[in-house]
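**Student:** Each number in this note's numbering corresponds to the 1-based position in the sequence shown with 41 added. All residues carry an ideal CB built from backbone N, CA and C; glycine is no exception. Here it is, the structure, as structure tokens.
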Amino acid sequence: MSSRFVNATSILLAMTATMVSLPLATAESICTLSESESCAVENLKPSDDDGSVLIYPGGNTRCAFDDYQDTVTTFSTNSTYFFQAFPNSDLDKSKLMILFQGGGDVHIGNRITEDFESEYEELLGNSQCLGLNYSMHMNGYNNTMAVLDWALQNYPDVDNLVVAGESAGSLAAQMHSAHIAKMWDVDIRGARFSVLSDSYVGVQPEDKPGSGSLSYYGACGNDFDWSDDVAAACAAGTASTTEMVEALLEAEPEGNWLFINSKGDLTQRYFYAVVEDGIEGYPYTDLISEEDFYSNMTAILNAYKTLDFGTNYYPNGIKPNIDTVNYFGSDFSGQYNATCLLKCVR
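Rendered as structure tokens:
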């Protein structure tokens with residue numbers, strides 16, 4: 042488990058280094074969605090430094106660095122969340138890729154908790170967190186819908202639509218798949234619709250159905266385009282991962298799905314331990330074995346195969362996140378518009 046925290050620290054340092062190195066964005070390269078401003082892609086003015094545009098679509102999430110300003114570059118963030126767009130006036134708008142990154146509340150959170158102090162802060166030695174009594178804001182769903190609404194307005198007539206995600210973003214791609222297909226009317230248009238789910242299936246302990254996590258996030262009432270029965274079972278915490286995703290596969294039966302998962306994915310096995318043992322189980326020295334994890338994972342994905350959904354790919358090893366972004370970057374460069382959902386969490 043310690044390696045996960047080392048990796049997390051490395052990622053945080055890398056993110057910090059990136060922010061420090063960013064040039065100051067000009068006013069023209071930032072657009073905030075509002076009733077009077079649609080941030081239409083053809084009107085966006087890319088920055089001179091990297092050709093990008095920061096779009097603030099709203100939602101309800103506050104950034105981790107509220108009112109943060111770097112003293113060297115003067116790069117700053119405020120209390121809205123942003124994603125990055127790369128507008129091109131002659132871009133082929135018939136193809137679109139929506140990419141969900143990992144982390145956060147799986148891009149489905151729709152709940153604000155009461156103010157509380159975690160009982161584990163003192164146990165973990167986090168004295169700086171004591172006495173604060175913060176509420177927890179899970180607003181990934183609202184932020185996601187804000188970005189999807191923008192994407193639909195700017196790319197309404199696609200004939201090839203890909204929804205992809207890695208890690209937690211893999212689950213997000215699965216959960217939002219049917220609703221995205223409905224938003225773009227892929228059946229009516231005869232558009233090709235594909236879902237690439239990289240490195241998260243949702244293997245859970247047998248006595249803890251996958252809907253328990255969704256219920257915690259406040260996500261069961263979200264518009265995922267599944268039946269009232271499935272939504273009710275989700276809210277009750279009785280729906281399994283298989284039952285929920287099968288409902289999404291059935292909602293868009295013409296979709297082409299690809300699941301990519303390492304046979305012994307270490308990250309998914311750690312999350313299995315978190316669900317099974319809670320924080321009390323830290324540092325999780327007795328993980329589910331690679332063999333048992335693979336067996337449980339294939340049981341879920343084999344159940345989906347009865348719906349003739351697409352393909353599974355199982356690389357050997359324990360590495361998570363089989364480079365979804367690099368895959369599309371190398372093989373689809375210039376062919377797809379990537380709408381990245383970048384979430385700041387508090």
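Give every residue of the same chain whose Cβ lies closer than 6 Å to the Cβ of G210, excluding the five residues on either side of it in the sequence, and list them in chain order.
**Tutor:** So the list reads F141, Q142 and G143, once near-sequence residues are dropped.
**Student:** Alpha carbons only, please: which of E162, V82 and I341 is nearest the one belonging to S281?
**Tutor:** When only C-alpha atoms are compared, the closest one is I341.
**Student:** If you follow the beta strand (DSSP E) that C72 is in, where does it begin and where does it stop?
**Tutor:** Residues I71 to T73.
**Student:** Assuming Y313 contacts I301 under a Cβ cut-off of 8 Å, what Cβ separation, rounded to an integer in Å, is found between them?
**Tutor:** Actually they do not touch by this definition, with Cβ atoms about 18 Å apart.
**Student:** What is the residue span of the beta strand (DSSP E) that L237 lies within?
**Tutor:** Start and end: R233 to D239.
**Student:** Hey, would you say Y335 sits closer than 9 Å to K304, going by beta carbons?
**Tutor:** In this structure, K304 lies closer than 9 Å to Y335 by Cβ.
**Student:** Does A126 pass the burial test, meaning 16 or more other C-beta atoms within 10 Å, or should it be called exposed?
**Tutor:** Flag for A126 reads buried.
**Student:** Which class does G253 belong to by DSSP, given the choice of helix, strand or coil?
**Tutor:** The answer is helix: DSSP assigns G253 an H, G or I state.
**Student:** Are the beta-carbon atoms belonging to H411 and A232 less than 9 Å from one another?
**Tutor:** Nothing can be reported for residue 411: it is not among the residues displayed for the chain, which extend from 42 to 387.
**Student:** Tell me the DSSP bridge mates of W298?
**Tutor:** Answer by DSSP bridge pairing, in chain order: V236 and G351.
**Student:** Which residues does DSSP pair with A126 in a beta bridge?
**Tutor:** Answer is V94.
**Student:** Using the beta-carbon count (16 or more within 10 Å), is F124 buried or exposed?
**Tutor:** It is buried - the Cβ of F124 has at least 16 other Cβ atoms within 10 Å.
**Student:** In the DSSP output, which residue or residues are listed as bridge partners for G206?
**Tutor:** G206 pairs with F141 and S238.
**Student:** When the distance is taken between beta carbons, is S218 closer than 9 Å to G166?
**Tutor:** Their beta carbons are not under 9 Å apart, which means G166 does not touch S218 by this criterion.
**Student:** Tell me, please, which residues DSSP counts as bridged to F157.
**Tutor:** Its beta-bridge partners are Y175.
**Student:** How about V242 and V204: are their beta carbons less than 9 Å apart?
**Tutor:** Taking 9 Å as the Cβ cut-off, V242 and V204 do not qualify as a contacting pair.
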